[in-house]
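Single-structure report; data block below.
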Amino acid sequence: MSDRAIDTLFLEERRYPPPAEFAAQANAQPGIYDVAAEEFWAREAQERVTWFEPFDAVLEWELPYAKWFTGGTLNVCFNCVDRHVEAGLGDRVAYFWEGEPEGDRRALTYADLQREVVRFANALKELGVEKGSHVALYLGMTPELAIAMLACTRIGAAHTVVFGGFSAESLSDRMNDFGATVLVTQDEAWRRGGTVPLKRISDEAMAAAPKVERCLVVRRTGGDVPMAAGRDTWYHELDVSDDPSTCPCEPMDAEDLLFLMYTSGTTAKPKGIMHTTAGYLVGVAASHSYIFDLKPESDVFWCSADIGWITGHSYIVYGPLCNAATSVLFEGTPDFPDKDRWWDVVERYGVTILYTAPTAIRSHMKWGPEYAERHDLSSLRLLGSVGEPINPEAWVWYHEHIGGGRCPVVDTWWQTETGMVLITPLPGITTLKPGSATKPFPTVEAGVIDEAGNEVGPGGGGYLVIKSPWPAMTRGIYGDDARFRETYWTRAPGLYFAGDGARIDRDGDFWLLGRVDDVMNVSGHRISTIEVESALVDHPNVAEAAVCGRADATTGQAIVAYVTVKGGVDPTVELMAELRNHVAAKIGPIAKPANVVFTPELPKTRSGKIMRRLLRDVAENRPLGDTTTLADPAVVSEIADRASEAPAED
Ligand code: PRX
């Protein structure tokens, strides 16, 4: 974000104190900030989770690795499903599932969920999955994705969910890194009336992932897909029991691996972020209850993220189910078949809490409020935002046009690595400022430091750090201790470095300013510049490529690729399209560059480093700063001329 934008943020003077009626009934009351960390989390762990064996210690902290609730044993599926049925909540709806094709919908009660999970877990066992197995899940937004995750946790297998928009190569890379032996996928996924061939992509991925022995295929569209004898099995053809007594919940150690979620860093290789059993579950359940003020008996919670990202793991699956919530699970997109689809969903299910991303809010803003006005949104009482800094105009639009001016908006800052929300308003307590994520969650200690590691005073910008451990924090990068220490723990000794810029204002409120590393944020998705560069240079016609993000009014950032072609290759418009598609095929459509700029040379320092800062300036039409360290300063002005002529695509 430019300095100008930062200063504009600080001129934001609108204030939204919590409505009195909301404050009076809120789950989080002001005293919540006064409780000491270990006392707070010990109580949350005892009250929110059912343990098979109680824990001995709340926290063992050996920087950078924390262990929470050591000595305790529990089962995540038991906590998310079985115990609710045992407590007489079997008839409560766990998920209202809304499929993409209109009319394709299902309500799953907790009792239904228990039967489905048991059946799925028995199917996995038939395929050889057992405690400690590694299972990859590559599905769309169907109930079976949540069911498969819960089935893994029931029998003690760790999962990694790969977002259904990723390519075969992304899927095989993740399966290989994780050492997955079983893959669960579906025939095809619906996408805007068309289909995404998940099984076909899985076949390609399995060809490059020799450890994967079995593949379980869920039928969704009914499309014809090839099945490899001995390896592939249709889920619906397995004759397995759904009786809970046939598949008890495996007692797991508090620190057993629950799942990996891969995320982009500053190198081409995604990192497998590890989350373990007890700390993660307690962290997501507590944060879900306080931040969203969840009343499980009356609320209908809708997190619009995809389960393939951390937001979906924490706030569609594990947090809400542990809290016995009723959630909406939506397979489709906001504008299919029309731009009021979301508002139809809110009205149909009486959604009370909506959690979404700024990029989606900005799309709705662009389409206009008339689509929301077609529907009765009076059930809503709380709104949430996540994924990137929310600009004040989008915040206010969301508050007015979706929340009818009555719903608090919680802007929640967190990451794949943090597992749970760490900076956020509490809706019955915090006075809101559009564009600010406000305060650290109770017990969380956050700060802003400068280059030298010193704390920055009010108003100053710097690096966001977290100063003490929290239960859902990652337990590391799978198989790469050195990278874990280097990425998060070396900027300032003893502090967790998030990779984000931030400022704290005079009231102690945090304003997030975006990434400070080579990670872009496109529609709330993290994509590394180097991943896209590697995909581009993989094309036979490309000699060199440099990638940066530029500001985009809808997607937050858009990807700009500067490409030098090999000698004798014509830099044509057709090649531009081919390169964009090549990146989509290598990584996934979310990583497609919005612009490709052909240039005879890239701006490099005399030591040969690409000057990405200058490329960003070019991409955002800023005056070019100091170019004296460049080997050939003339290169930049030539690139600037070409960039101004380059067509942009969606
Ligand atoms: O830059 C921050 C941004 O998203 C990054 C984390 O991305 P990911 O691990 O994919 O998780 C996304 C959902 C939790 C952060 O480093 N980010 C996320 N939420 C916010 C945000 N930036 C500003 N404000 C937020 N509320």
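Letter by letter, the sequence shown follows residues -18 to 631 in the numbering used here.
We put the CB at the ideal spot given by N, CA and C, even for glycine.
Just so it is clear, the structure is predicted and the values come from calculations on it, not from any experiment.
CA nearest to the CA of residue i, picked from the options
{"i": "Gly549", "options": "Val523, Ala534 and Tyr543", "result": "Val523"}
{"i": "Val513", "options": "Val206, Leu476, Val564 and Glu(-7)", "result": "Val564"}
{"i": "Ile458", "options": "Gly71, Ala139, Met242 and Trp378", "result": "Met242"}
{"i": "Gly505", "options": "Gly12, Gly293 and Tyr477", "result": "Gly293"}
{"i": "Tyr216", "options": "Pro474, Glu97 and Gly442", "result": "Glu97"}
{"i": "Asp158", "options": "Asp461, Val497, Glu601 and Pro604", "result": "Asp461"}
{"i": "Gln396", "options": "Ala26, Glu(-7) and Asn502", "result": "Asn502"}
{"i": "Thr202", "options": "Glu312, Ser625 and Phe147", "result": "Glu312"}
{"i": "Val578", "options": "Arg587, Thr608, Glu125 and Leu596", "result": "Leu596"}
{"i": "Asn103", "options": "Cys303, Leu131, Ile334 and Val16", "result": "Leu131"}
{"i": "Asp85", "options": "Ala68, Thr123, Lys250 and Asp93", "result": "Thr123"}
{"i": "Tyr(-3)", "options": "His345, Cys388 and Ala18", "result": "Cys388"}
{"i": "Ala592", "options": "Gln538, Leu611 and Asn602", "result": "The sequence given here places Met at residue 592; Ala does not occur at that position. Of the candidates Gln538, Leu611 and Asn602, the one whose C-alpha sits nearest the C-alpha of Met592 is Leu611."}
{"i": "Glu354", "options": "Ile383, Tyr336, Thr333 and Ser344", "result": "Ile383"}
{"i": "Ala427", "options": "Asn435, Ser449, Gly441 and Pro251", "result": "Ser449"}
{"i": "Ser279", "options": "Asp321, Ala266, Glu231 and Val332", "result": "Val332"}
{"i": "Phe36", "options": "Arg212, Phe50, Asp274 and Asp357", "result": "Phe50"}
{"i": "Pro406", "options": "Glu2, Ser588 and Ser268", "result": "Ser268"}
{"i": "Asp15", "options": "Asp519, Thr424, Ala433 and Asp321", "result": "Thr424"}
{"i": "Ser148", "options": "Lys250, Val617 and Leu179", "result": "Leu179"}
{"i": "Cys133", "options": "Cys61, Pro191, Arg87 and Asp93", "result": "Cys61"}
{"i": "Asp274", "options": "Arg561, Glu559 and Phe3", "result": "Phe3"}
{"i": "Trp283", "options": "Leu364, Trp290, Cys230 and Ala566", "result": "Leu364"}
{"i": "Tyr352", "options": "Val327, Pro474 and Gly289", "result": "Val327"}
{"i": "Thr468", "options": "Lys320, Thr248 and Trp348", "result": "Thr248"}
{"i": "Ala646", "options": "Ser515, Trp451, Phe465 and Lys590", "result": "Any question about residue 646 goes unanswered here, given that the chain covers just -18 to 631."}
{"i": "Ser515", "options": "Leu560, Leu493 and Phe77", "result": "Leu560"}
{"i": "Pro574", "options": "Leu583, Met557 and Lys590", "result": "Met557"}
{"i": "Arg484", "options": "Trp470, Gly441, Asp498 and His520", "result": "Gly441"}
{"i": "Thr141", "options": "Pro350, Val546, Ile288 and Lys347", "result": "Ile288"}
{"i": "Arg531", "options": "Val500, Val518 and Leu517", "result": "Val500"}
Within 9 Å, strictly: CB atoms of residue i and residue j
{"i": "Arg507", "j": "Ser245", "result": "yes"}
{"i": "Phe59", "j": "Thr90", "result": "no"}
{"i": "Cys196", "j": "Val143", "result": "no"}
{"i": "Pro277", "j": "Arg73", "result": "yes"}
{"i": "Ala47", "j": "Leu55", "result": "no"}
{"i": "Thr214", "j": "Ala235", "result": "no"}
{"i": "Val541", "j": "Val528", "result": "yes"}
{"i": "Gln167", "j": "Val198", "result": "yes"}
{"i": "Arg362", "j": "Cys228", "result": "no"}
{"i": "Glu79", "j": "Tyr330", "result": "yes"}
{"i": "Leu118", "j": "Val66", "result": "no"}
{"i": "Glu81", "j": "Arg173", "result": "yes"}
{"i": "Ser295", "j": "Met454", "result": "no"}
{"i": "Asp598", "j": "Pro604", "result": "yes"}
{"i": "Asn562", "j": "Ala539", "result": "no"}
{"i": "Ala266", "j": "Arg29", "result": "yes"}
{"i": "His633", "j": "Lys320", "result": "This structure cannot settle anything about residue 633, because the visible part of the chain is limited to -18 through 631."}
{"i": "Pro581", "j": "Glu619", "result": "yes"}
Residue i: CB within 8 Å of a non-hydrogen atom of the ligand GTP
{"i": "Ser183", "result": "The model on display carries the ligand PRX but not the ligand GTP."}
Short CB-CB distance (under 9 Å) between residue i and chain C
{"i": "Gly440", "result": "Included in the structure is just one protein chain, with no chain C present."}
What are the complete alpha helix (DSSP H) segments, minimum 4 residues, inside the segment 462 to 539? As far as the segment 462 to 539 is concerned, its whole alpha helix (DSSP H) runs of at least 4 residues are 462 to 470 and 510 to 518.
Among all residues, which have a Cβ less than 7 Å from at least one non-hydrogen atom of the ligand PRX, and in what chain order do they fall? Result (chain order): Thr244, Trp290, Ile291, Thr292, Ser366, Val367, Gly368, Glu369, Pro370, Ile371, Asp392, Thr393, Trp394, Trp395, Gln396, Thr397, Glu398, Ala418, Ala479, Gly480, Asp481, Leu493, Gly495, Arg496, Asn502, Gly505, His506 and Arg507.
Taking only runs that begin and end inside the segment 2 to 80, name each unbroken beta strand (DSSP E) of 3 or more residues, in chain order. Along the length of the segment 2 to 80, whole beta strand (DSSP E) runs at least 3 residues long occupy 38 to 43, 46 to 51 and 74 to 79, reported in chain order.
Contact between the segment 142 to 159 and the segment 171 to 186: three or more CB pairs below 8 Å? With a cut-off of 8 Å, the segment 171 to 186 and the segment 142 to 159 count as touching, because enough Cβ pairs lie within range.
With contact counted as at least three CB pairs below 8 Å, one residue from each stretch, are the segment 335 to 347 and the segment 367 to 387 in contact? Under the three-pair Cβ rule at 8 Å, the segment 335 to 347 counts as touching the segment 367 to 387.
Looking at C-beta atoms only, is the number of pairs between the segment 443 to 453 and the segment 465 to 485 that lie closer than 8 Å three or more? With the cut-off at 8 Å, the segment 443 to 453 and the segment 465 to 485 touch.
Assess contact between the segment 97 to 107 and the segment 223 to 236, defined as three or more Cβ pairs (one per stretch) separated by less than 8 Å. Is contact present? Touching, yes.
Contact the segment 488 to 497 vs the segment 419 to 431: 3+ CB pairs below 8 Å: The segment 488 to 497 vs the segment 419 to 431: in contact.
Between the segment 6 to 14 and the segment 402 to 412, are three or more C-beta pairs nearer than 8 Å? Yes, they touch.
Runs of 3 residues minimum, wholly inside the segment 175 to 248: which ones carry the beta strand (DSSP E) assignment? Runs of the beta strand (DSSP E) inside the segment 175 to 248: 175 to 177, 195 to 199, 213 to 215 and 238 to 244.
Under 8 Å, with one C-beta from each stretch per pair, do the segment 293 to 306 and the segment 262 to 274 reach the 3-pair mark? By the Cβ test, the segment 293 to 306 is in contact with the segment 262 to 274, since at least three Cβ pairs between them sit closer than 8 Å.
With three or more beta-carbon pairs closer than 8 Å as the criterion, would you say the segment -7 to 7 touches the segment 23 to 37? The segment -7 to 7 vs the segment 23 to 37: no contact.
Minimum length 3: unbroken beta strand (DSSP E) runs contained in the segment 562 to 605: Unbroken beta strand (DSSP E) stretches of 3 residues or longer found wholly inside the segment 562 to 605: 576 to 579, given in chain order.
Unbroken stretches of the beta strand (DSSP E), 3 residues or longer, contained in the segment 275 to 349: Counting only runs of 3 or more residues that sit fully inside the segment 275 to 349, the beta strand (DSSP E) segments are 281 to 284, 307 to 311 and 334 to 337, in chain order.
Beta strand (DSSP E) runs contained entirely in the segment 374 to 427, provided each spans 3 or more residues: Along the segment 374 to 427, the beta strand (DSSP E) occurs as fully enclosed runs of 3 or more residues at 390 to 393, listed in sequence order.
Which runs of the alpha helix (DSSP H) fall wholly inside the segment 110 to 142 and span at least 4 residues, in chain order? Runs of the alpha helix (DSSP H) inside the segment 110 to 142: 124 to 136.
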